[in-house]
Amino acid sequence: MRKLVSIFQFIFLTVFVAGSGFATPPGTNQEMRERLKPAGTLVRASKSDEQQEVAGQNAASQPLPKVELSSGSEHEVKMLNSGPGGTMIFEPAVIKISKGDTVHFKATDLAHNSVSINGMVPDGAETWAGALSEEISVTLNTEGVYVYQCDPHVAMAMVGVIQVGEAVNMSEIKSAADDFKDNFALNSDRLDRYLEQL
Ligand SMILES: [Cu+2]
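So for the sequence shown, numbering that gives the first Met the number 0 puts the first residue at 0; every next one is plus one.
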């Protein structure tokens with residue numbers, strides 16, 4: 000019996016030692032550490048990055064509040080490098096005004112302009128094209144939705160929306176917006192998000 004146990008012990012030790020020998024990856028521990036290093040350091044995002052991403056997704060999935068009619072007959076839209084809604088942006092990017100009101104585009108930051116987009120204004124409506132870095136004022140007498148852009152930053156979706164009176168041309172604007180989005184390299188959902196607020 001004692002002999003049997005010692006045989007088992009012998010077999011066990013042989014298998015264990017040999018097995019652990021085979022299980023050791025080739026090379027020194029130092030080499031192994033070197034191989035494992037990239038996996039250990041490359042892909043881990045910090046917790047705050049992950050949380051921000053989740054927060055962003057949540058924000059994107061929630062319906063945005065509707066924009067209220069702006070009071071008064073004169074309204075200001077700033078042209079900004081950076082604002083609460085993002086970079087290269089009109090502020091406010093969505094406004095609702097009354098027929099005959101005037102919008103002043105302010106050159107708060109330089110190298111921006113405001114230009115109405117062909118096919119994205121009501122039928123027969125006024126169009127405008129501001130010069131770079133200059134203020135332009137437009138008086139809008141035709142009811143409907145207007146979409147305008149900043150020429151140098153249209154690829155970053157620097158666009159804005161004005162609703163004058165009722166949104167009588169909303170379905171045309173939405174289908175034109177679907178095509179127009181091809182111009183956006185960044186912020187590709189911005190215009191959709193703006194139109195949702197009307
Ligand atoms: Cu711009």
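Positions of the beta carbon are idealized from the N, C-alpha and C atoms, including for glycine.
- About 7 Å separates the beta carbons of N182 and A154, which is inside the 8 Å limit, making them a contact pair.
- Residue pairing by DSSP puts Q162 in a beta bridge opposite K95, V144.
- Between the segment 92–101 and the segment 124–132, the count of Cβ pairs shorter than 8 Å is below three; the stretches do not touch.
- Between F104 and S115, the C-beta spacing is not below 7 Å.
- A check of alpha carbon separations from M78 across F89, G71, S69 identifies F89 as the nearest.
- Bounds of the alpha helix (DSSP H) holding K173 are 169–179.
- Contact annotation: Q162 and V144 have beta-carbon atoms nearer than 7 Å.
- Residue P121 holds the alpha-carbon nearest to the alpha-carbon of A175 among N140, A130, E165, P121.
- Between T138 and T101, the C-beta spacing is below 7 Å.
- A heavy atom of ligand 1 is found nearer than 6 Å to the CB of H111.
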